[in-house]
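K.L.:
In the working numbering, the protein residues as written are 58 to 275. All C-beta atoms, glycine included, are put in the ideal place defined by N, C-alpha and C. Computed from a predicted structure; not experimentally measured.
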Amino acid sequence: MAYKFIDNYREKGARKRLVEVLKKKGIEDEQVLQAIGKVPRHYFFDETFWVQAYKDIAFPIGEGQTISQPYTVAYQSELLHIHKGQKVLEIGTGCGYQTCILMELGAEVYTIERQEKLYERTIQVLPYMGYRPHFFLGDGSKGIEAHAPYDKIIVTAGAPTVPDVLLRQLNIGGLLVIPVGNEQEQKMVTILKVGENDYEKVVLDTFRFVPLVGDKAW
Ligand code: SAM
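#1: If I measure Cβ to Cβ from residue 118 and keep anything under 8 Å in the same chain, skipping five residues before and after, which residues do I get?
#2: If we ignore side chains and look at the alpha-carbon of each, how far apart do residue 63 and residue 229 end up?
#3: Does the beta-carbon of residue 120, which I'm using as the reference point, lie nearer than 8 Å to any heavy atom of ligand 1?
#4: Looking at the secondary structure, which residues open and close the beta strand (DSSP E) in which residue 250 lies?
#5: Let me know the secondary structure DSSP gives residue 272 once reduced to three states.
#6: Shorter than 8 Å, the distance from the beta carbon of residue 150 to the closest heavy atom of ligand 1, or not?
#7: Under 6 Å Cβ to Cβ from residue 183, same chain only, skipping five residues before and after it: list those, please.
#8: Give me, in chain order, the residues of the same chain whose beta-carbon lies closer than 6 Å to that of residue 157; leave out the 5 immediate sequence neighbours on both sides.
#9: Going straight from the alpha carbon of residue 147 to that of residue 255, what length do you get?
#10: In the structure shown, what three-state DSSP assignment does residue 111 receive?
#11: Looking at ligand 1, does it come within less than 8 Å of residue 183, judged from the CB to the closest heavy atom?
#12: Looking at residue 268 and ligand 2, is the gap between the Cβ and the nearest heavy atom below 8 Å?
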């Protein structure tokens, strides 16, 4: 597979402007902003659409899926409060942009995607860019039991309810960030595991994600 990855002053400048846009929209975490400023989002776009890459919009990536809006990626990343070396499960790899941001924040990332074509593309593109998470193909609505427990779990597709199985795969002190709602809109929910069967839930802003499809989802 031949890739043409060029990151010159035009793309770098556009990335800096995107960081300023996200700051204005309320993203404050300096490390998250630095990560957004570093990861070349245009590498996930066909060259014809590079001009779209640094607009704060979601964009189609094939298979009826999207690369998430930068604001959404920054928002979920900020909520996760990642510390270097933490073990993070990401459900919904898609093109892998969020994965790169998590890795820039120092996470060891386990990422799972259910669409084979996206998975096949991402397992080639990310290592080419220098990112080497643990990739999995399958239904992430059940988590990945074999590698649990995790310090953090992020779900990047909209779920009808919070799958209990994901809560079981968190460490005590661990955090789940998941959009929950109907197919039209979801509330961002954070759930902190404070004891073996004890959780603190916070319901935040409204977003619109593609659906989480699977055994414990739609
Ligand atoms: N994280 C991506 C990014 O950085 O732009 C965006 C992901 S996209 C909004 C949501 C992804 O979740 C899609 O690629 C979709 O195929 C995937 N997905 C949906 N249900 C899933 C499931 N049960 N397990 C794994 N992936 C799933």
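P.N.:
The structure says:
#1: 101, 124, 151, 152, 175
#2: 43 Å
#3: yes
#4: 243–252
#5: coil
#6: yes
#7: 153
#8: 96, 188
#9: 22 Å
#10: coil
#11: no
#12: Inclusion of ligand 2 in the displayed structure is not the case, the ligand content consisting of ligand 1 alone.
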